[in-house]
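In this note's numbering, the protein residues as written are 1 to 361.
C-beta: ideal position from N, C-alpha, C; glycine also.
All of these numbers come straight from a predicted model, not from anything done at the bench.
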Amino acid sequence: MSSFLSGIERDPLDTDFIRMTFRSFVQRGILILMVVNPLHAILLWLNHSDWWQFSLLAMLVQMPLYPLCARKRSFAVFLPSVLTLFAIVTLYIVQFSEHFGSRAGVHYLVMALIPLVVFAGRIGLKLKVFICLVMAIGMFKFELEMAAGANRSMTAAGLEQFRILNLLICFVTISLLTFTHFVTVSRIQSELQHLAAYDPLTQLVNRRTIGQLAEQAISQSRRQQYPLSVILADIDNFKMINDRHGHPVGDAALRHISDLIRSIARDTDSCCRWGGEEFLLLLPHTNLSGAMQVAERVREKVAATPLKALEVELEMQLTLGVAMLMPDEGLIELVMRADAALYEGKRAGRNRVVESDPQES
């Protein structure tokens, strides 16, 4: 059994997301099952059919299985409970369908089980297709064979009410499960896009994303003929912070600097963790003089705002290089000039802002 399960687990479609979605589907399906039997019982009782007792009996049999199908249960408990519950529901559908015939529409509830089959990660893709086809063929076969001759203990009006109720249950179930899947996929896709675009430590955009933003900004700058500048900032003596106080304090320092830079940047500016302890600011509609002013504001605010983290208080300093986009220059050349200015500031004593020499382009 263990070897069989391990073989299934190697299926590339059997992902953690699919398993979590399946368990979530089962939970929501259970919520619907909990009201199906009482609704059937009420409708049957109103139409003077003794089968309302069978509906309540099925509900009592199913109830102990509901808590066993919870998401926090181990798979060894969860899977047998779900299979048992499916078996009981199937028996329930068969018994009602044989007694009332296809006009009651109880067999429509089979369609509500299709999303659960599709999102069962432990079932292979070919088997899923096969099960869904069998369910569809069986349902239509029953529709044709049981259209007449069933033991209908209700009036035609009662059967029509029963059919509409079952159609409504089927519609609500499929809609709820589909909506759940849509919301879950949308949320995960949004999280993945965020992880792909942002640095997880500082929550600034990462180097890959700033490259894409810079290409657009440079293209618009040339097309609309407005200035564009960059600021490359480096934390002074960052290695010493890590060596003396440890990497947790170093991480706190990076977050601290990121927050200060973000507080000064405009909505139209892009802030990036360029790498290690370096930060890049992309400033559209900003000439060299304006970028120098922004850089000086960043430097002053960092110097005036000490880091307080993990019972440590440290004064922080930045050295910044500033460059403005020149004709026929790309992001790499622009950043290289800002980087040269930055290291000129490092050699001159750190904690300063240095503008790039256009002749270096």
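Nonlocal neighbours in the same chain, by C-beta distance under 7 Å from residue i, ignoring five residues either side
i, result
"residue 21", "119, 181, 184"
"residue 355", "288, 292, 322, 341"
"residue 310", "248, 249, 252"
"residue 56", "37, 41"
"residue 301", "260, 264"
"residue 295", "231, 320, 322, 353"
Burial state of residue i, where buried means 16 or more other Cβ atoms lie within 10 Å
i, result
"residue 306", "exposed"
"residue 60", "exposed"
"residue 62", "buried"
"residue 247", "exposed"
"residue 42", "exposed"
"residue 6", "Note that residue 6 scores 45 on pLDDT, short of 50, meaning its location in the model is unreliable; the coordinates nonetheless yield the value given after this. The residue is exposed, with fewer than 16 neighbouring Cβ atoms inside 10 Å."
"residue 240", "exposed"
"residue 78", "buried"
"residue 105", "buried"
"residue 164", "exposed"
"residue 129", "exposed"
"residue 263", "exposed"
"residue 199", "buried"
"residue 145", "exposed"
"residue 188", "exposed"
"residue 299", "buried"
"residue 75", "exposed"
"residue 191", "exposed"
"residue 97", "buried"
"residue 4", "Confidence at residue 4 is low in this model, with a pLDDT of 40, below 50, so its placement is unreliable and the value that follows should be read with caution. Exposed, because fewer than 16 other Cβ atoms sit within 10 Å of the Cβ of residue 4."
"residue 339", "buried"
Cut-off 6 Å between Cβ atoms - residues of its own chain near residue i, not counting five sequence neighbours on either side
i, result
"residue 245", "312"
"residue 390", "A question about residue 390 goes unanswered here, because the residues of the chain that appear run from 1 up to 361."
"residue 371", "This structure gives no information on residue 371, because the portion of the chain shown stretches from 1 to 361."
"residue 1", "Caution applies to residue 1, whose pLDDT of 42 falls short of 50 and renders its modelled position unreliable; the model cannot decide the point."
"residue 58", "37, 92"
"residue 345", "319, 352, 354"
"residue 177", "25, 115"
"residue 268", "284"
Which listed residue (the options) has its alpha carbon closest to that of residue i
i, options, result
"residue 174", "331, 328, 33, 323", "33"
"residue 143", "115, 340, 108, 127", "108"
"residue 153", "46, 212, 69, 297", "46"
"residue 231", "261, 202, 212, 241", "261"
"residue 218", "93, 58, 326", "326"
"residue 215", "40, 334, 353, 351", "334"
"residue 27", "126, 103, 113, 123", "113"
"residue 350", "300, 332, 101, 236", "236"
"residue 110", "103, 140, 127, 123", "140"
"residue 266", "277, 290, 276", "290"
"residue 196", "186, 223, 208", "208"
"residue 44", "117, 166, 298", "166"
"residue 169", "35, 84, 94", "35"
"residue 155", "223, 101, 221", "101"
"residue 220", "158, 330, 126, 132", "330"
"residue 210", "76, 281, 339, 48", "281"
"residue 103", "343, 160, 192", "160"
"residue 30", "52, 48, 84", "84"
"residue 157", "339, 48, 86", "48"
"residue 276", "238, 86, 212, 54", "238"
"residue 94", "73, 135, 124, 131", "135"
Where the beta strand (DSSP E) containing residue i begins and where it ends
i, result
"residue 275", "270–275"
"residue 319", "318–324"
"residue 354", "353–355"
"residue 313", "312–314"
"residue 229", "228–235"
"residue 279", "278–284"
"residue 309", "307–309"
Where the alpha helix (DSSP H) through residue i begins and ends
i, result
"residue 143", "125–145"
"residue 80", "75–100"
"residue 61", "52–62"
"residue 346", "331–347"
"residue 186", "156–197"
"residue 292", "288–304"
"residue 252", "247–264"
Spatial neighbours of residue i in its chain, beta-carbon cut-off 8 Å, leaving aside the 5 residues before and after
i, result
"residue 172", "32"
"residue 348", "354"
"residue 88", "58, 61, 62, 65"
"residue 343", "321"
"residue 242", "249, 250"
Near the ligand SAM: residue i beta-carbon under 7 Å from a heavy atom
i, result
"residue 93", "For the ligand SAM, the structure offers nothing, since it holds no ligand at all."
* Spell out a yes or no on whether the segment 307–320 and the segment 251–270 are touching, meaning 3 or more CB-CB pairs, one atom from each, closer than 8 Å. => Three or more beta-carbon pairs drawn from the segment 307–320 and the segment 251–270 are found closer than 8 Å, and the two stretches are therefore classed as touching.
* Asked: Is the segment 217–227 touching the segment 266–285, taking contact as three or more C-beta pairs under 8 Å?
  -> Counting C-beta pairs with one atom in each stretch, the segment 217–227 and the segment 266–285 have three or more that are closer than 8 Å, which means they touch.
* Contact between the segment 267–276 and the segment 191–211 (3+ Cβ pairs under 8 Å) -> Counting Cβ pairs under 8 Å, three or more are found: they touch.
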